[in-house]
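What follows is one structure encoded as structure tokens, with my remarks underneath.
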Amino acid sequence: MSFVNTFTARIKDDSRRRGSGATANPSRNLRMRTYKPRTPGLRHLKRPIEDHLWKKGPFRPLTFAKKGTGGRNHTGRITCRHRGGGHKRRIRMVDFHRLAPGPHTIDRIERDPGRSAHIALITNNATGRKSYILAADGLRAGDTVQSYRDGIPDDLMAAMGGRIDPGMLAARTTTKGNCLPMHMIPIGSVVFGVGSKEKSGAVFCRAAGTYATVVAREPATKSVVVKMQSGEVRRVSKFAAATMGVASNTTWQHRQLGKAGRSRNLGIRPTVRGVAMNACDHPHGGGRGKSQGNRAPVSPWGIPVCLSLPLLPLFYRSFVPACFVV
């Protein structure tokens with residue numbers, strides 16, 4: 001029997017953060033799961049409480065094996081450092097387009113090792129076909145979700161009396177987990193899994209706890225303005241799709257792995273300081289003690305850290321022969 005505690009952590013007011021948008025309750029309490037420090041790795045371990053998740057493996061036909069690269073390119077050279085190892089993974093084929101119409105029943109909510117948000121296994125009530133979608137926060141097994149990318153269904157149009165009633169349409173369609181084209185989403189709604197073009201899938205707000213706010217419609221350009229959490233404002237096609245609600249696993253950012261081994265299981269290798277290396281491995285290496293050799297901070301390849309991105313081409317032109325400069 002494991003000794004498990006729960007504690008409550010009060011976060012800062014979301015209104016103080018940039019682009020806080022329309023959060024449900026800025027001063028809400030976040031409950032995380034902690035463990036008695038029977039081992040050093042359990043002392044600082046904090047995990048979200050996810051008792052509703054599926055405890056067994058994924059739906060096998062919708063997965064395929066992932067082959068790791070270890071951060072190396074096709075020539076075998078390391079192009080992305082601090083990658084390698086980790087547990088074996090299987091990629092879940094998530095449906096980001098949501099083109100199938102009709103009601104779908106959620107079979108279960110699963111944890112996806114390839115992303116931070118949770119995914120939901122759904123079954124089409126008409127065809128019985130199963131698929132994975134991004135789960136909205138608050139969805140549980142047994143709920144029903146639907147996609148309206150093909151337009152308003154005939155039964156809903158008949159219920160509205162043969163004409164579009166904006167109030168009734170919003171009440172019947174804007175349920176969390178439903179996928180709608182942007183022109184059917186009311187102004188001020190919170191959405192995630194936002195697409196950019198008419199027939200494209202979700203490209204924005206796919207990580208855990210992310211969302212965007214529908215700000216305005218522009219009939220002249222046939223586009224809809226959405227505001228991201230960072231404060232960035234984007235213009236997307238009014239025929240692009242988005243899912244109502246907030247991406248699931250909202251407490252993911254507050255987790256603590258507790259020990260270095262869990263980071264290695266995720267495929268993340270250690271990051272070593274330059275001053276701890278030898279002189280042949282880093283410009284800051286060598287010497288006695290913690291010494292940089294009276295040199296300004298540079299990257300492992302000798303590029304100054306304080307050098308801004310606009311000045312990088314000038315830096316390269318000053319050190320690379322003119323015959324190699326394009």
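The numbering of the sequence shown is the UniProt record's numbering, which starts it at 1 and goes up by one.
Note that the Cβ used here is the ideal one computed from N, Cα and C, for glycine as well.
Item: Write down every uninterrupted run of the alpha helix (DSSP H) in the segment 133-193 whose length is 4 residues or greater and which is fully enclosed by it, in chain order.; Value: 154-159 and 166-173
Item: Around the C-beta of residue 278, are 16 or more other C-beta atoms found within 10 angstroms, so that it is buried, or is it exposed?; Value: exposed
Item: Taking the C-alpha atoms as reference points, what is the distance between residue 178 and residue 184?; Value: 11 Å
Item: Please work out which residues of its chain come closer than 8 Å, Cβ to Cβ, to residue 37, disregarding the five sequence neighbours upstream and downstream, and give them in chain order.; Value: 43
Item: In terms of alpha-carbon separation, which member of 148, 81 and 63 lies closest to residue 300?; Value: 81
Item: Rank 224, 166 and 59 by C-alpha distance to the C-alpha of residue 92 and give the top, closest one.; Value: 59
Item: Can you name, in chain order, every residue of its own chain whose Cβ lies under 8 Å from the Cβ of residue 306, other than the five neighbours on each side?; Value: 296 and 297
Item: Suppose you measure from the CA of residue 101 to the CA of residue 200; what does that come to, to the nearest Å?; Value: 16 Å
Item: Taking its Cβ as the centre, do 16 or more other Cβ atoms sit within 10 Å of residue 16, making it buried, or is it exposed?; Value: For residue 16, the predicted model reports a pLDDT of 40, less than 50, meaning its position is unreliable; a value from the coordinates is still stated below. So residue 16 counts as exposed.
Item: Give the secondary structure of residue 60 by DSSP, where H, G and I count as helix, E and B as strand, and everything else as coil.; Value: helix
Item: Going by DSSP, what residues sit across from residue 42 in a beta bridge?; Value: Answer is none; residue 42 lacks a bridge partner.
Item: Quick one: using the 10 Å Cβ neighbour count with 16 as the cut-off for buried, is residue 154 buried or exposed?; Value: exposed
Item: So for residue 258, helix, strand or coil by DSSP?; Value: coil
Item: Going by the DSSP bridge assignment, what does residue 124 pair with across the sheet?; Value: 104
Item: State the start and end residues of the unbroken beta strand (DSSP E) segment that holds residue 213.; Value: 212-218
Item: Residue 266: buried (16+ other C-beta within 10 angstroms of its C-beta) or exposed?; Value: exposed
Item: Take residue 284 and list the residues in its own chain whose beta-carbon comes closer than 6 Å to its own, dropping the five residues that flank it on each side.; Value: 274, 275 and 292
Item: What are the start and end residues of the beta strand (DSSP E) that includes residue 236?; Value: 233-237
Item: Is it the case that the Cβ atoms of residue 119 and residue 145 are separated by a distance below 8 Å?; Value: no
Item: So what's residue 25 in DSSP terms, helix, strand or just coil?; Value: Below a pLDDT of 50, predicted positions are generally treated as unreliable, and residue 25, at 41, falls in that range; the measurement from the model is reported next regardless. Correct three-state label for residue 25: coil.
Item: With a cut-off of 8 Å, do at least 3 Cβ pairs link the segment 118-136 to the segment 70-77?; Value: no
Item: I want to know whether the segment 150-166 touches the segment 207-222 - three or more CB-CB distances under 8 Å.; Value: no
Item: Within the continuous beta strand (DSSP E) that includes residue 242, where are the two ends?; Value: 241-244
Item: By alpha-carbon positions, which one of 48, 258, 171 and 34 ends up nearest to residue 117?; Value: 48
Item: Alpha carbon to alpha carbon, what distance is there between residue 143 and residue 55?; Value: 19 Å
Item: Helix, strand or coil: how does DSSP classify residue 327 here?; Value: Summary: the structure shown does not reach residue 327, with the chain confined to residues 1 through 326, and so no result is reported for it.
Item: Would you call residue 9 buried or exposed, if buried means 16 or more other Cβ atoms sit within 10 Å of its Cβ?; Value: The pLDDT assigned to residue 9 is 40, lower than 50, so where the model puts this residue is not dependable; a value taken from the coordinates is nonetheless given after this. Answer is exposed; the Cβ neighbour count stays below 16.
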